[in-house]
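J.: Quick one: structure below, then a few questions.
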Amino acid sequence: MKGIMSKTDVEKIYDLLYEHFGPQGWWPGDSPFEIIVGAILTQNTNWDNVKKAINNLEQAQLLNPHSIHKCPREKLAELIRPAGYFNIKTKRLKNFIDWFIENYQGQIENFETVNTSILREELLGVNGIGAETADSILLYALNRPVFVIDTYTARMAVRHQLLEYEIDYHTLQEFFQSNLPEDVQLFNEYHALIVRLGKDYCKPKPKCEKCPLNELPHQIAGFGN
DNA sequence: GACCAGGCACATC
DNA sequence: GATGTGCATGGT
2 MKGIMSKTDV
12 EKIYDLLYEH
22 FGPQGWWPGD
32 SPFEIIVGAI
42 LTQNTNWDNV
52 KKAINNLEQA
62 QLLNPHSIHK
72 CPREKLAELI
82 RPAGYFNIKT
92 KRLKNFIDWF
102 IENYQGQIEN
112 FETVNTSILR
122 EELLGVNGIG
132 AETADSILLY
142 ALNRPVFVID
152 TYTARMAVRH
162 QLLEYEIDYH
172 TLQEFFQSNL
182 PEDVQLFNEY
192 HALIVRLGKD
202 YCKPKPKCEK
212 CPLNELPHQI
222 AGFGN
């Protein structure tokens, strides 16, 4: 995949975002397991709604794999209702938990010996876990050096013309990973900053006036997508 | 009321 | 292989 920007440009974007927004402190969550639950619940959903669902789970003492495993679907669905798509997300959460307990005894530590690309394939094998959710789990819950792509990333790439063509998930991921040092903390902060950019400026109806990326050399603000 | 939010699987052509 | 659709709550 051919990017029209240089390695230093990709790092320049990071610098601009970091200067503008500062550290984002991702992922919000107190444990790897909570981060995984959040990653599933936040699919196509506002994070504020996810927080309500996670609070409900915490109040019900369900923020651990075995408790969710034993929890009836109806009760689980009711607790995560604020996160939207609660029926499908109940299935997805259960699918993950079943796999996690079956293969790893519900122990996060048991992931440690598994190669990242193998683990990624295994996660993708769970119905309801796609590329972004798998990568979010790998990066934010398990500290693996995997760059997370989301709708904001794709939108930014189009708006700011990072690539000449092909903006599918894998291409975008390769673009960032091949132009950056393999650094978990960098990947963590970079994706979080892109989401912040998306929320503040790179929206479906763009607000480009004060976008920190206006300083980019190739920038064409407000077009695309 | 319309639009949007830190996707994904599945149906259909 | 590409494109369309269902899933759902809550804030702006």
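The working numbering puts the first residue of the first sequence at 2, with every later residue one more than the last.
All C-beta atoms, glycine included, are put in the ideal place defined by N, C-alpha and C.
#1: Name the residue from T172, P207, L181 whose alpha carbon lies nearest to the alpha carbon of D16.
#2: Alpha carbon to alpha carbon, what distance is there between V185 and E175?
#3: Are I150 and A132 close, meaning C-beta to C-beta below 9 Å?
#4: List in chain order: all unbroken alpha helix (DSSP H) runs of 4+ residues lying wholly within the region 110-144.
#5: Can you grab the Cα-Cα spacing for the pair K53 / P83, in whole Å?
#6: Please report the straight-line C-alpha distance between L140 and P218, rounded to a whole angstrom.
#7: Check whether the region 52-68 touches the region 33-41, counting contact only when three or more Cβ pairs, one atom from each stretch, lie closer than 8 Å.
#8: Taking all protein chains shown into account, do 16 or more other C-beta atoms lie within 10 angstroms of the C-beta of I5, making it buried, or fewer, making it exposed?
#9: Using 9 Å as the threshold, is the C-beta distance between G199 and Y153 below it?
#10: When you compare only the Cα positions, how much space is there between V51 and L42?
T.: Per the coordinate set shown:
#1: Here residue 16 is taken as the residue at index 15 of the first sequence, counted from 1. It is L181.
#2: Locating residue 175 in the first sequence gives position 174, where the first residue counts as 1. Locating residue 185 in the first sequence gives position 184, where the first residue counts as 1. E175 and V185: Cα-Cα distance of roughly 15 Å.
#3: Working through the first sequence from its first residue, we reach residue 150 at position 149. Working through the first sequence from its first residue, we reach residue 132 at position 131. Yes. Within cutoff.
#4: Runs found: 117-125, 132-137.
#5: In the first sequence, the residue the question calls residue 53 occupies position 52. In the first sequence, the residue the question calls residue 83 occupies position 82. If you take the alpha carbons of K53 and P83, they lie about 6 Å apart.
#6: Taking the first residue of the first sequence as 1, we reach residue 140 at position 139. Taking the first residue of the first sequence as 1, we reach residue 218 at position 217. Rounded to whole angstroms, L140 to P218 spans 30 Å at the Cα level.
#7: Yes: the two stretches touch, three or more of their Cβ pairs being nearer than 8 Å.
#8: Residue numbering aside, residue 5 sits at position 4 when the first sequence is read from its first letter. Counting every other CB atom within 10 Å of its CB across the protein chains shown gives I5 a total below 16, marking it as exposed.
#9: Stepping through the first sequence from its first residue, residue 199 is reached at position 198. Stepping through the first sequence from its first residue, residue 153 is reached at position 152. Contact flag set, yes.
#10: Position 50 of the first sequence holds residue 51. Position 41 of the first sequence holds residue 42. Near 6 Å, if we compare the C-alpha coordinates of L42 and V51.
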